[in-house]
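Below: the structure, in structure tokens.
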Amino acid sequence: QSALTQPASVSGSPGQSITISCTGTSSDVGGYNYVSWYQQHPGKAPKLMIYEVSNRPSGVSNRFSGSKSGNTASLTISGLQAEDEADYYCSSYTSSSSVVFGGGTKLTVL
Amino acid sequence: QVQLVQSGAEVKKPGASVKVSCKASGYTFTSYGISWVRQAPGQGLEWMGWISAYNGNTNYAQKLQGRVTMTTDTSTSTAYMELRSLRSDDTAVYYCARVDDYCSSTSCYLSAFDIWGQGTMVTVSS
């Protein structure tokens with residue numbers, strides 16, 4: 200199972216919006232609504248930000264939103280804040296009953 | 006509060022085995038699955054496999070088949086991951102994570118990893 204494709208890095212200024220894409224295939228992202236997004240700060244465990252494409256867990260800011268079109272899922276962060284600077288990973292359930300992660304995207308807040 | 010607490014760091018020689026534990030608290034252990042995810046230094050996340058805490062069913066990543074075993078002890082709400090025949094490229098932080106698993110008669114669908122352990126560093130070096 201190949202990793203999902205994410206941009207290596209994105210950046211934005213405080214207050215702006217950014218979008219991170221996550222491209223898979225019809226056997227993973229396109230075939231199921233079990234797409235999640237995780238935020239990871241250096242030296243910390245990942246934190247769930249979005250589950251099942253577009254749902255936010257309790258406690259996650261509504262500045263974070265998710266969507267999917269075909270084989271590509273997206274995470275949008277609006278009103279960028281300094282604390283949003285982190286690595287972001289997408290994941291998807293697959294037709295092999297496994298889970299595949301994206302390669303990760305480093306978000307820099309300028 | 007809901008949490009997963011993992012065992013401490015390990016240093017192993019190539020060819021050895023390691024067993025990492027993950028103790029759950031604050032929720033009904035058998036109502037969720039446990040997945041294991043590892044992260045090599047400076048690298049991304051890699052899914053290793055899943056175990057149902059309800060009935061012990063497992064599914065392992067193809068590249069680890071034959072080297073990894075995941076188990077649970079429901080009496081202590083603890084999950085275990087054993088990796089055998091260790092190599093230098095197994096050096097990584099190993100995480101356990103709680104996963105919503107939805108099972109039908111034929112398949113189990115894995116949703117999100119909503120609670121993570123703190124991670125266990127496993128170093129493989131001669």
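From first to last, the protein sequence lines are chains A and B. Just remember that our numbering sits 199 ahead of the position in the first sequence, which is counted from 1. Just remember that our numbering sits 5 ahead of the position in the second sequence, which is counted from 1. Just so it is clear, CB atoms sit at the ideal spot from N, CA and C, and this is done for glycine as well. What you are looking at is a predicted structure, and each value in this text was computed from that prediction instead of being measured.
From which residue to which residue does the beta strand (DSSP E) around residue i run?
| i | result |
| --- | --- |
| residue 210(A) | 208-211 |
| residue 44(B) | 38-44 |
| residue 14(B) | Per DSSP, residue 14(B) belongs to no beta strand (DSSP E) and is neither H nor E. |
| residue 272(A) | 271-276 |
| residue 238(A) | 234-239 |
| residue 30(B) | 23-30 |
| residue 119(B) | 113-121 |
| residue 267(A) | 263-268 |
| residue 104(B) | 97-108 |
| residue 129(B) | 125-129 |
| residue 68(B) | That residue, residue 68(B), is in no beta strand (DSSP E); it is neither H nor E in DSSP. |
| residue 246(A) | 246-249 |
Look up residue i in the DSSP assignment and give the residues it is bridged to.
| i | result |
| --- | --- |
| residue 63(B) | 56(B) |
| residue 300(A) | 290(A) |
| residue 87(B) | 24(B) and 74(B) |
| residue 204(A) | 222(A) |
| residue 305(A) | 208(A) and 286(A) |
| residue 8(B) | 30(B) |
Would a check of beta-carbon distances place residue i closer than 7 Å to chain A?
| i | result |
| --- | --- |
| residue 110(B) | no |
| residue 99(B) | no |
| residue 116(B) | yes |
| residue 50(B) | yes |
| residue 119(B) | yes |
| residue 124(B) | yes |
Less than 6 Å between C-beta atoms, sequence neighbours within five positions excluded: which residues of the same chain meet that for residue i?
| i | result |
| --- | --- |
| residue 23(B) | 15, 17, 88 and 127 |
| residue 113(B) | 106 |
| residue 10(B) | 28 |
| residue 51(B) | 43 |
| residue 252(A) | 232, 234, 265 and 267 |
| residue 290(A) | 235, 298 and 300 |
| residue 215(A) | 279 |
For chain B, is any of its Cβ atoms less than 7 Å away from the one on residue i?
| i | result |
| --- | --- |
| residue 229(A) | no |
| residue 235(A) | yes |
| residue 296(A) | yes |
| residue 302(A) | yes |
| residue 287(A) | no |
| residue 272(A) | no |
| residue 244(A) | yes |
Going by beta carbon distance, what residues of the same chain come within less than 7 Å of residue i, once the five residues before and after it are set aside?
| i | result |
| --- | --- |
| residue 209(A) | 217, 219, 304 and 306 |
| residue 206(A) | 219, 220 and 304 |
| residue 20(B) | 90 and 91 |
| residue 31(B) | 6, 7 and 8 |
| residue 270(A) | 222, 223, 224, 225, 228 and 229 |
| residue 66(B) | 52, 53 and 54 |
| residue 200(A) | 293, 295, 297 and 299 |
| residue 211(A) | 217, 279, 308 and 309 |
Excluding sequence positions up to five away, which residues of its chain have a Cβ less than 8 Å from the Cβ of residue i?
| i | result |
| --- | --- |
| residue 35(B) | 58, 59 and 79 |
| residue 117(B) | 104 and 105 |
Notebook entry, point to check: Between the segment 246-259 of chain A and chain B, which residues of the former have CB atoms less than 9 Å from a CB of the latter, in chain order?
Noted result: So the close ones are 246, 247, 249, 250, 251, 254 and 256.
Check: For the segment 59-80 of chain B, which residues have a CB atom closer than 8 Å to at least one CB atom of chain A, in sequence order?
Finding: Taking 8 Å as the upper bound on Cβ-Cβ separation, chain A lies near residues 64, 66 and 67 of the segment 59-80 of chain B.
Notebook entry, point to check: For the segment 23-48 of chain B, which residues have a beta carbon sitting closer than 9 Å to at least one beta carbon of chain A?
Noted result: 40, 42, 44 and 48
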